[in-house]
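Following: one structure in structure tokens, then a few remarks.
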Amino acid sequence: MHESILSPTMRAFLFLFSIILVASCGDRAAADARKESVAASREGGAKGASGKSQSTRDVPHPGGPYGQRADDWVLTFSEEFERFNKDLWNDHIWYEKPNPTQNFAVEDGRLKIWPQRDATGKFFNRTLDTDGKFSQTYGYFEMEAKLPRGKGTWPAFWLFNHPGDRRPEIDIMEAYAGGEGWGFVDKKGMHRPNVYGTTVWIGDGSSAGSKMNETHKDLSEGFHKYAVKWEPDRQTFYFDGKEVMSVRTAMHDPLYIILDLWFGSASGEPDDSTPQGRSNAFEVNYVRAWRARNVPSSERILQNR
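In this text, residue positions in the sequence shown follow this note's numbering: the first is 1494, and each later residue adds one.
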């Protein structure tokens, strides 16, 4: 349309529209740039000298740990579950062989581990861990996840190691939907978790502290953040950014990350009422770890050993 035949009102309208269009394009370009930046940092940090995918080292994460000052932390591990990374995760715990029945996958940007009977007809434990592939001493460890429902389900997110005869362990989240006091039964008779446990094991079989955390939420209905800030002489646990427990004890062993779906213990034994398949998965949106940005040199030596 030629400018000479435009009315003043129409010219004003087109001028305003052009401003909105430019701003919109700028915002979209900025958003695309941010996505490319994050993707580049993951790609760059996820490949070592061998070219194999591994954990991200010392890459600042845009948000930092949830509820913490981002500038106080440096990202050391970032698993956003764009695929299942065999270079980073084992599919069984070190003292067992992997069950050949497939009950986990990475789909839609999430890790899913679901209850499933194997060829013998039994529900079986599935453990995914970074044993021998990533470990860290001290720092902040965080997972965002939705938990499964059903009698017998026992999902967990924990830090662990097995040096010699010792078994140091930090349980960040473990839930027992079928256990008394750990969950509730809905109108359809389904066991659902609304409480989860946190525990610190110093390595000799004794606990330095444990707590059942009442969330007043159905943890199988939505995603929540479970985290621990591990300092040399203290472990502080968080649920959706709010402190739920603190333990004062010294722990200096490097620990690796475990995600698992086991069965039994306080949750009871699974049965025909326990939903199987992907629709009842332990769904993990991400797992991340950071180290404190400013730490004494003695702590840094422990972190990197």
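In this text, a Cβ means the ideal position worked out from N, Cα and C, and glycines have one as well. This one's a predicted model, so the numbers in the text were calculated from it and none came from an experiment.
My understanding is that residue i touches residue j, with C-beta atoms under 8 Å, so please give their C-beta distance in whole angstroms.
i, j, result
"P1661", "W1607", "Between W1607 and P1661 the Cβ distance is about 30 Å, and since that is not below 8 Å, they are no contact."
"I1665", "A1720", "7 Å"
"R1659", "G1696", "4 Å"
Using C-beta distances below 6 Å, list every residue in its chain close to residue i, excluding the 5 sequence neighbours before and after it, in chain order.
i, result
"S1739", "T1729"
"G1702", "V1693 and V1740"
"T1708", "N1687"
"P1591", "D1584 and H1585"
"G1560", "G1734"
"V1737", "N1706 and F1730"
"G1690", "E1667 and M1705"
Leaving out the 5 sequence neighbours to the left and right, which residues in its chain are closer than 8 Å to residue i when beta-carbon positions are compared?
i, result
"G1602", "E1573, F1574, E1575 and N1778"
"F1716", "E1637, A1638, K1639, E1776 and N1778"
"D1764", "K1644 and G1645"
"S1530", "At S1530, the pLDDT of 37 sits below 50, so the modelled position is not reliable; the number obtained from the coordinates is stated separately. There are no such residues."
With 16 other CB atoms within 10 Å as the buried threshold, where does residue i fall?
i, result
"Y1669", "buried"
"N1787", "exposed"
"Y1731", "buried"
"A1612", "exposed"
"T1594", "exposed"
"S1760", "buried"
"H1684", "buried"
"W1723", "buried"
"G1682", "exposed"
"Y1588", "exposed"
"K1735", "exposed"
"G1698", "exposed"
"E1762", "exposed"
"E1714", "exposed"
"L1514", "Because L1514 carries a pLDDT of 43, less than 50, the predicted location of this residue cannot be relied on, and the following value inherits that uncertainty. Looking at its Cβ environment, which holds fewer than 16 other Cβ atoms inside 10 Å, L1514 is exposed."
"K1680", "exposed"
"E1600", "exposed"
Using DSSP bridges, identify the partner residues of residue i.
i, result
"I1751", "D1622 and W1651"
"D1664", "W1651 and T1692"
"R1659", "R1659 pairs with nothing; no bridge assigned."
"I1586", "In DSSP, I1586 forms no bridge with anything."
"E1572", "V1780"
"F1616", "R1610"
"Q1595", "Q1595 is not bridged to any residue."
Measuring from the CB of residue i, is there a heavy atom of the ligand SAH at a distance below 8 Å?
i, result
"A1668", "The model depicted lacks the ligand SAH and carries no ligand whatsoever."
Can you find the residues in the same chain that come closer than 7 Å, C-beta to C-beta, to residue i, ignoring five residues on each side of it along the sequence?
i, result
"S1758", "W1647 and Y1669"
"D1565", "A1785 and R1786"
"R1610", "F1616 and Q1769"
"N1773", "W1607, P1608, P1641, R1642 and G1643"
So does the stretch 1554–1574 actually touch the stretch 1768–1784, counting three or more Cβ pairs closer than 8 Å? yes
At least three beta-carbon pairs within less than 8 Å, the stretch 1651–1658 to the stretch 1757–1770: no
With a threshold of 8 Å, are at least 3 pairs of Cβ atoms found where one atom belongs to the stretch 1670–1685 and the other to the stretch 1640–1652? yes
Taking 8 Å as the cut-off, does the stretch 1581–1589 touch the stretch 1614–1631 (at least 3 CB pairs, one atom from each stretch)? yes
Do three or more CB pairs link the stretch 1747–1760 to the stretch 1628–1637 at distances below 8 Å? yes
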